[in-house]
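Chemist: After the structure tokens below, expect a handful of questions from me.
Residue numbers (our numbering): 96 to 652.
Okay, structure coming up:
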């Protein structure tokens, strides 16, 4: 099946190979065992020196992802949230990924609008600006005016992008599957499942009706907040590939000088923005997960407007309580509680060294505890805790990692507005309220009843499960699966040795057979020698040379 996918997408594989070679990343695919997905004539060269032209490997990887476009950019952006899985330096580079491309010519965009809205833009809208005001790898935005007079922004999906992404998904699945088969760490971290989640999330993001529904849900959450503006969706002009929404007029959160020139209080804007996000994460459990400054605007009077609801996160009740516990444990410098909460949130491996993790967590908490409150930076501590999770093999749920990344970005944006901004002061009341809610008599009783029901289910099912186990043992059907770890490397080397030995025997057999044919009288001859024998020696020479080159270049056939 993988070979069939490679043949169908040979052109895209060649593009990936060309970009990887141009950025001198061949050694990464070789080390991961992914180079064999490429046709042999596009195999990548031997590993270059560690740093090429003074540019780090991870930066070259980031540049390569940007060159490969939409799917790879978005996969890198998704991975940047997984600091519990990636090296620090790689995560830092992936956070810099830019999804900015030149806008498509209007005639191509017009074709999409006509197909989706049932007529040319000049008939559907009173006015439509042909020049795009923003463009990314998936869509671009044009301003327009409805016949009712309302000013709107129209987000139009680029033609062919959905088909290109489906091709890239197949390629990423093939790479992830091969990686899991060749590397224990990839299987432990569920690389295939990560690709599956990424593909599902991206497909949802490609459906603009879902983005519109997310916006409507956010508007409902903030219905009582006068200082929050979520743009209205014009559903009569919205389809899966076209999103028409109310036009926002204001200032991007990153334009600090302009915000100040409008007479707005930068400190209040920063505090208010952080409060709104914490409400989404810790109270609503449904949050805007792409808080870069271009998606948050400040309107006249200080009202904050949110844009782009394609990426959202969901925090269930149990995870909300765990986040509150983690915050309180850090504030109290309770190392055991921090470790217990981290292990409860994540999925620790059986061989995780809890004592070593506790020592590192204690050191990290002590470092931050000694700082004055105004110098505490939750973003830095979040990065350090995620790095410790990565070190000790404790992967977190995707939504928790997404929330951690959101808080990190938000902390940076708020500090640009107000260098003295203290995230802990804003987050403290939310966490305290969650703790009070958890410790309330009603909640304690509810948790106790839930635990008792779980114990009851376990006790009732235990005899049946033991009976099934004994029946399987009596019938000889009981099997024990042993999954050895860290043997992939030696087994691969053994397979390479066996391949080379088998190949050498074949070459030797061809030489021996050709030598015996030299004395045969039958068959046509050239230069007085049997043609079959000469051909055999020639074939043996070519095969032997191929074996030698393969051993020197790759260490395998």
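A virtual CB, placed ideally from N, CA and C, is assigned to each residue, including glycine.
(1) Provide the residue span of the beta strand (DSSP E) that contains residue 250, from first to last.
(2) Provide the residue span of the alpha helix (DSSP H) that contains residue 373, from first to last.
(3) Using the Cα positions of residue 596 and residue 608, report the straight-line distance between them to the nearest angstrom.
(4) Grab me the residues of residue 402's own chain with a C-beta within less than 6 Å of its C-beta, minus the 5 sequence neighbours each way, in chain order.
(5) Short of 6 Å in beta carbon distance, which residues of its chain neighbour residue 525, apart from the five on each side in sequence? Order them along the chain.
(6) Indicate whether residue 249 and residue 223 have their beta-carbon atoms separated by less than 9 Å.
(7) What span of residues does the alpha helix (DSSP H) with residue 106 cover, start to end?
(8) Alpha carbon to alpha carbon, how far is residue 159 from residue 262? Give it in angstroms, no decimals.
(9) Note down, in chain order, each residue of its chain lying with its Cβ closer than 6 Å to the Cβ of residue 143, except the 5 sequence neighbours on either side.
(10) Taking just the CA atoms, how far does residue 460 sit from residue 430?
(11) Below 8 Å, is the gap between the Cβ of residue 332 and the nearest heavy atom of the ligand GTP?
(12) Report yes if the CB atom of residue 404 is closer than 9 Å to the CB atom of residue 268, and no otherwise.
(13) Indicate whether residue 110 and residue 180 have their beta-carbon atoms separated by less than 9 Å.
(14) Residue 400 and residue 324 look like a contact to me (Cβ under 8 Å); what is the Cβ gap, rounded to whole Å?
(15) Expressed to the nearest angstrom, what Euclidean distance is found between the alpha-carbon atoms of residue 359 and residue 260?
(16) Pick helix, strand or coil for residue 399, following the three-state DSSP scheme.
(17) Name, in chain order, the residues that DSSP records as bridge partners for residue 222.
(18) Going by DSSP, what residues sit across from residue 562 in a beta bridge?
(19) Between the C-alpha atoms of residue 412 and residue 530, what's the straight-line distance to the nearest angstrom?
(20) Counting only the same chain and skipping the five closest in sequence on each side, list residues whose C-beta sits under 8 Å from that of residue 601.
(21) Cα separation between residue 502 and residue 113?
(22) Which runs of the beta strand (DSSP E), 3 residues or longer, sit entirely within the region 313–342?
(23) What would DSSP say about residue 137, mapped onto helix, strand or coil?
(24) Between 514, 264 and 186, which lies nearest to residue 293 when the distance is taken from Cα to Cα?
(25) So, helix, strand or coil for residue 521, using DSSP?
(26) Between the C-alpha atoms of residue 247 and residue 228, what's the straight-line distance to the nearest angstrom?
(27) Could you tell me the alpha carbon to alpha carbon distance between residue 189 and residue 161, rounded to whole angstroms?
(28) Below 9 Å between beta carbons: does that hold for residue 494 and residue 410?
(29) Hey, how far is the Cα of residue 340 from the Cα of residue 560?
(30) Is it the case that the Cβ atoms of residue 363 and residue 397 are separated by a distance below 9 Å?
(31) Can you find the residues in the same chain that come closer than 7 Å, C-beta to C-beta, to residue 217, ignoring five residues on each side of it along the sequence?
(32) So what does DSSP say about residue 500, is it helix, strand or coil?
(33) According to DSSP, is residue 200 helix, strand or coil?
(34) Whole angstroms is fine: what's the gap from residue 139's alpha carbon to residue 107's?
(35) Round the Cβ separation of residue 509 and residue 368 to the nearest angstrom and send it over; I've been treating them as touching at under 8 Å.
(36) Under three-state DSSP, which class holds residue 407?
Modeler: On the basis of the data shown:
(1) 246–252
(2) 361–373
(3) 18 Å
(4) 390
(5) 373 and 377
(6) yes
(7) 105–117
(8) 18 Å
(9) For residue 143, the predicted structure reports a pLDDT of 47, less than 50, and the residue's modelled location is therefore unreliable. A value from the coordinates is still provided. So the qualifying residues of the chain are 119.
(10) 8 Å
(11) Because no ligand of any kind appears in the structure shown, any question about the ligand GTP cannot be addressed here.
(12) no
(13) no
(14) 4 Å
(15) 42 Å
(16) strand
(17) 240
(18) DSSP, once it has assigned bridges, lists no residue as partnering residue 562.
(19) 12 Å
(20) 638
(21) 37 Å
(22) 337–341
(23) In this prediction, residue 137 has a pLDDT of 48, which is less than 50 and means its spatial position is unreliable; what the coordinates show is noted afterwards. Helix.
(24) 264
(25) helix
(26) 12 Å
(27) 10 Å
(28) yes
(29) 55 Å
(30) yes
(31) 223
(32) helix
(33) coil
(34) Per-residue confidence for residue 139 stands at a pLDDT of 46, beneath the threshold of 50, marking its modelled position as unreliable; the derived number appears in the next sentence. Their Cα atoms are separated by approximately 15 Å.
(35) 6 Å
(36) strand
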